[in-house]
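Report on the structure given below.
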């Protein structure tokens with residue numbers, strides 16, 4: 001038996017943003033592991049089997065997927081967005097490193113996808129057109145002090161910031177604290193973009209100045225992009241403004 | 001006449017990584033503006049017209065594209081990768097802001113794509129599995145001193161770093177200097193991934209420790225990912241190692 005494990009990202013949610021390569025990998029797999037809402041987006045055949053789990057169980061899910069592949073199954077591990085950005089590819093690698101030697105002999109493939117910040121940025125214009133960073137605001141797996149230090153370092157250095165996992169029921173206060181820290185380094189007029197389910201019928205998309213940025217505008221599925229001091233807004237009659245970061249800095 | 005302008009990204013080069021949404025926008029456009037090698041990747045009909053230009057002419061290209069759209073054409077501006085990451089979407093916005101009022105009334109749409117670092121990361125494992133940044137090493141549009149300051153800030157803060165535009169004939173020395181700066185903050189064993197044309201027949205993919213990272217391994221189409229001190233390598237018998245950044249930091 002020759003099992004294999006493919007880690008795919010289905011993109012930000014709009015079916016037109018899932019790559020043909022990911023669709024092909026899904027079509028040729030037998031067993032699907034993932035967070036239930038991501039598995040719900042797949043159109044599977046009767047012979048394809050779902051193994052859904054909660055979004056806090058990445059390592060257990062990874063072990064189960066690797067075990068199935070080592071027993072000969074064609075396994076697909078499903079993330080939304082890109083599987084390499086705060087998603088399943090790293091969890092799979094962690095499980096392999098800590099797991100049995102046989103898992104290192106498995107055929108493992110990671111297929112890239114459109115990660116949330118790219119879809120939110122495209123909806124806004126081009127806020128990631130200059131140097132930028134992506135930071136997870138979740139302190140489940142790293143100390144909050146480290147997140148604060150990183151927010152200070154990157155905003156002071158002039159990078160645009162994409163925040164993943166900005167808020168959840170278990171982490172209600174961190175986002176407001178992050179905005180407070182960023183206001184120490186950035187003008188209150190800096191554009192802050194809140195994007196959720198961009199390109200889907202339930203899209204939520206708002207641009208606020210940093211001085212008025214409010215954690216109520218985000219939930220756990222929101223990606224937030226905070227401009228740099230260089231990021232600009234172009235007003236347009238009867239349309240959403242364009243938000244963009246110029247390619248150059250003249251300082 | 002109702003012109004429109006769509007900015008698309010065709011992904012990193014593997015046709016399976018171009019989104020259906022981008023392909024649809026290409027099929028429904030009449031006039032294509034872009035850097036010649038990106039236009040070469042498109043399969044166009046006889047009634048579709050190419051306007052190729054050099055890769056240093058983004059603003060002139062943007063103006064020509066906006067002018068054509070304002071005269072009623074269905075225009076497609078083509079980037080490789082994602083159009084919002086060091087690519088055409090920001091140039092289009094710059095041209096709109098500096099251009100005639102009529103350009104602000106145009107129907108403008110940006111469609112996201114798989115940007116190079118995501119494809120290189122997927123090929124390697126999951127090096128972008130933790131907080132990361134993307135920095136263009138080109139000092140054509142920003143001072144070199146600013147780039148140095150950013151490299152120091154992000155490596156000291158523990159972010160994984162993706163470098164775009166690492167080297168060119170006109171910028172031969174910057175990459176070696178960048179490696180030298182990074183060696184001040186990161187262990188010499190830190191994995192450095194050089195990825196070019198990943199997923200294409202002419203793929204070039206190398207992993208080196210930072211202490212031996214050599215600018216000769218890169219050209220202008222290479223995306224380089226430099227791990228953090230946490231980034232790990234899993235050796236695998238008879239296969240490329242997996243390079244990944246764990247989701248958590250315990251410090």
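Residue numbers (UniProt numbering), protein chains in the order written: chain A, 1 to 251; chain B, 1 to 251.
A virtual CB, placed ideally from N, CA and C, is assigned to each residue, including glycine.
Bridge-paired residues (DSSP) for residue i
i	result
residue 52 of chain B	B/34
residue 6 of chain A	A/76 and A/109
residue 136 of chain A	A/164
residue 117 of chain B	DSSP, once it has assigned bridges, lists no residue as partnering residue 117 of chain B.
residue 243 of chain B	B/125 and B/233
residue 225 of chain B	B/162 and B/193
residue 205 of chain A	A/195
residue 81 of chain A	A/11
residue 171 of chain A	A/168
Residue-level contact to chain A via CB, residue i, 7 Å cutoff
i	result
residue 8 of chain B	no
residue 216 of chain B	no
residue 76 of chain B	no
residue 80 of chain B	no
residue 84 of chain B	yes
residue 190 of chain B	no
residue 223 of chain B	no
residue 112 of chain B	yes
residue 94 of chain B	yes
residue 229 of chain B	no
residue 186 of chain B	no
residue 89 of chain B	yes
residue 63 of chain B	no
CA nearest to the CA of residue i, picked from the options
i	options	result
residue 47 of chain A	A/171, A/57, A/56 and A/31	A/31
residue 209 of chain A	A/202, A/192 and A/61	A/192
residue 194 of chain B	B/184, B/187 and B/175	B/175
residue 164 of chain A	A/196, A/185 and A/187	A/196
residue 228 of chain A	A/39, A/153, A/24 and A/235	A/153
residue 137 of chain A	A/128, A/129 and A/148	A/148
residue 17 of chain A	B/14, B/12 and B/23	B/23
residue 89 of chain B	B/103, B/249 and B/108	B/108
residue 248 of chain A	B/41, B/68 and B/93	B/93
residue 230 of chain A	A/52, A/172, A/224 and A/132	A/132
residue 225 of chain A	A/60, A/207, A/156 and A/82	A/207
residue 157 of chain A	A/143, A/184, A/142 and A/121	A/184
residue 119 of chain A	B/246, B/240 and B/7	B/7
residue 199 of chain A	A/74, A/121 and A/66	A/121
residue 56 of chain A	A/49, A/35 and A/70	A/35
residue 105 of chain B	A/245, A/240 and A/250	A/240
residue 134 of chain B	A/169, A/161, A/43 and A/235	A/161
residue 13 of chain A	A/27, A/39 and A/5	A/39
residue 27 of chain A	A/15, A/60, A/242 and A/42	A/42
residue 169 of chain B	B/213, B/221, B/141 and B/76	B/221
residue 111 of chain A	A/78, A/242 and A/178	A/78
residue 214 of chain B	B/178, B/243, B/37 and B/235	B/178
residue 143 of chain A	B/250, B/190 and B/85	B/250
residue 140 of chain B	B/114, B/117, B/116 and B/171	B/171
residue 82 of chain A	A/114, A/75 and A/76	A/114
Residue-chain proximity (residue i, chain B), Cβ-Cβ < 7 Å
i	result
residue 97 of chain A	yes
residue 180 of chain A	no
residue 196 of chain A	no
residue 104 of chain A	yes
residue 141 of chain A	yes
Whole-Å CB distance - residue i paired with residue j, under 8 Å assumed
i	j	result
residue 3 of chain A	residue 72 of chain A	4 Å
residue 218 of chain A	residue 166 of chain A	5 Å
residue 25 of chain B	residue 66 of chain B	Incorrect: roughly 17 Å between the Cβ atoms, too far for contact.
residue 186 of chain B	residue 155 of chain B	6 Å
residue 91 of chain B	residue 58 of chain B	4 Å
residue 80 of chain B	residue 125 of chain B	Residue 80 of chain B to residue 125 of chain B, Cβ: 23 Å. No contact.
Residues, ordered as in the chain, of the region 119-137 of chain B that lie near chain A by beta-carbon distance below 8 Å | 119, 121, 122, 123, 125, 126, 127, 128, 129, 130, 131, 132, 133, 134, 135 and 136
What are the residues of the region 233-251 of chain A that lie near chain B, defined by any Cβ-Cβ distance shorter than 9 Å?
-> So the close ones are 234, 235, 236, 237, 238, 239, 242, 243, 244, 245, 246, 247, 248, 249, 250 and 251.
When Cβ atoms are compared, which residues of the region 2-26 of chain B fall closer than 9 Å to chain A?
-> 7, 9, 11, 12, 14, 15, 16, 17, 18, 19, 20, 21, 22, 23 and 24
Going along the chain, which residues of the region 144-174 of chain B sit with their C-beta nearer than 8 Å to a C-beta in chain A?
-> Those would be 146, 149, 150, 153, 154, 156, 157, 158 and 159, in chain order.
What residues from the region 41-58 of chain B come within 7 Å of chain A, judged by C-beta to C-beta, listed N to C?
-> none
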